[in-house]
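Sequential numbering of the sequence shown, starting at 1131, is according to the numbering used here. One structure below.
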Amino acid sequence: MAGAENSLFIKTLKGERSHRPPVWLMRQAGRYLPEYREIRATAKDFLDFCYTPSLSVEATLQPLRRYPFDAAILFADILLVLDAMDRGLRFEAGEGPILNPLDRASDLEAVSLSKVMQRVSPVMETVERLKAALPEGFPLIGFAGSPWTVAVYAIEGRGGTDKKNPKLWAYTRPDDLKAVLDYLVVVTTEYLKTQVEAGADALMLFDSWAENLPDHVFDWLVIEPTRKLVENLRSAGVTVPIIGFPRGAGAKLADYVAQTGVNAVGLDTGQVPSFVNTSLPKGFPVQGHLDPLSVIAGGKQMLDRADQIIEAYRADGRPHVFNLGHGITPDAKPEHVETLMKHIQAMG
């Protein structure tokens, strides 16, 4: 880890408390920054941008030049593995990601793991370049979509849906869905292991579609694939901290923490600190969870809410990484991020 284990961020993920929470923001590199929009315009499309290491490196570094974040996160996309599986991924204006909807698990399994890894090899080059560009000991976060969330995109063929088709698979085609999840576990294990070999100091698993699932299917759609993924990574020799982010898990958060083996858990905007503190094991690290819309509004309400979140976990003695409850939005104001960062930095 080249010294990253001594960073405030990694120490917090390992259960240490400090004078202030380390800070980074989901989507801290992206469309809210004018300098990002400028370099984004130089790429043919978003996939071209993600697969061009020089551009992805620059996008990752841009927010670090503006703000004193405590970690960098690789600029990539959770759907690159589906692109590598020949699912016809494209990003259309006003539509978001579009894919060829999956009909059967064998369509994914037909693409070999070696072919998938060859396709995403530019991501590993980006990680290697970032480790060379970042100050020694500055932590870099690698990431992937969790199996359930990636399966939702694969089956629906798009995002922003009610997940009807994937949920119907859970009821009418459970064996097929399990096969999809199992193969995604295999692919994602290799994808994340290779990121760590390239230099990532921590990993994050984004389960953006964990919300609104009945508890009896949440266990095998969200918890079990994540548990297998974490177990596989540990068996493969990956020792870096792993953050799980089951957005919208609600009351199932405690089960997720208890059963998946993650080292820390990301909290969405709807999670309540008092519930978190009473539901999770004492001292288990958390990350989050300011409303991204609060950063659009800015002002006193933003700082007051940040203080409330920080103090709630400080009073409980809980290690806490400050972040948002979801990704920062394209219409967030950079000056509000600056105000927020200065406010937290002033804590010590």
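A virtual CB, placed ideally from N, CA and C, is assigned to each residue, including glycine.
{"Item": "Residue 1352 and residue 1151 closer than 8 Å at C-beta", "Value": "no"}
{"Item": "At least three beta-carbon pairs within less than 8 Å, the region 1212-1223 to the region 1280-1298", "Value": "yes"}
{"Item": "7 Å CB neighbourhood of residue 1183 in its chain, flanking five on each side removed", "Value": "1252, 1255, 1256, 1259"}
{"Item": "Alpha-carbon to alpha-carbon, residue 1418 and residue 1465", "Value": "20 Å"}
{"Item": "Ordered list of alpha helix (DSSP H) runs contained in the region 1185-1268, each at least 4 residues", "Value": "1210-1214, 1235-1239, 1243-1249, 1251-1263"}
{"Item": "Cβ pair residue 1384, residue 1410 closer than 8 Å", "Value": "yes"}
{"Item": "First and last residue of the uninterrupted alpha helix (DSSP H) at residue 1414", "Value": "That residue, residue 1414, is in no alpha helix (DSSP H); it is neither H nor E in DSSP."}
{"Item": "For residue 1156, three-class secondary structure by DSSP", "Value": "coil"}
{"Item": "Residue from 1138, 1144, 1232 with nearest C-alpha to residue 1199", "Value": "1138"}
{"Item": "Own chain, CB closer than 6 Å to residue 1477, minus 5 neighbours either side, in chain order", "Value": "1150"}
{"Item": "Classification of residue 1276 by the beta-carbon crowding that lies within 10 angstroms, buried from 16 upward", "Value": "buried"}
{"Item": "With 16 other Cβ atoms within 10 Å as the buried cut-off, status of residue 1338", "Value": "buried"}
{"Item": "Which residues DSSP lists as bridging residue 1288, in chain order", "Value": "1228"}
{"Item": "Host beta strand (DSSP E) of residue 1453 (start-end)", "Value": "1450-1454"}
{"Item": "Residue burial classification, residue 1301 (beta-carbon count within 10 angstroms, cutoff 16)", "Value": "exposed"}
{"Item": "Residues bridged to residue 1373 (per DSSP)", "Value": "1334, 1394"}
{"Item": "With 16 other Cβ atoms within 10 Å as the buried cut-off, status of residue 1274", "Value": "buried"}
{"Item": "Residue 1322 versus 1372, 1343, 1312, residue with shortest Cα-Cα distance", "Value": "1372"}
{"Item": "Exposure of residue 1262, with buried meaning 16 or more beta-carbon neighbours within 10 Å", "Value": "exposed"}
{"Item": "One or two residues paired with residue 1271 in a DSSP bridge", "Value": "1203, 1332"}
{"Item": "Expected contact under 8 Å - CB spacing of residue 1379 and residue 1422 to nearest Å", "Value": "Wrong, their Cβ atoms sit about 18 Å apart, outside the cutoff."}
{"Item": "Rounded C-alpha distance that separates residue 1320 from residue 1390", "Value": "18 Å"}
{"Item": "Same chain, Cβ closer than 6 Å to residue 1442, neighbours up to 5 away in sequence not counted", "Value": "1403"}
{"Item": "Of the residues 1181, 1142, 1193, 1377, the one placed nearest residue 1207, counting alpha carbons only", "Value": "1181"}
{"Item": "Residue 1326 and residue 1272 closer than 8 Å at C-beta", "Value": "yes"}
{"Item": "Backbone secondary structure at residue 1420 - three-state DSSP", "Value": "strand"}
{"Item": "Beta-carbon spacing of residue 1290, residue 1226 below 8 Å", "Value": "yes"}
{"Item": "Run of the alpha helix (DSSP H) containing residue 1432, from where it starts to where it stops", "Value": "1429-1445"}
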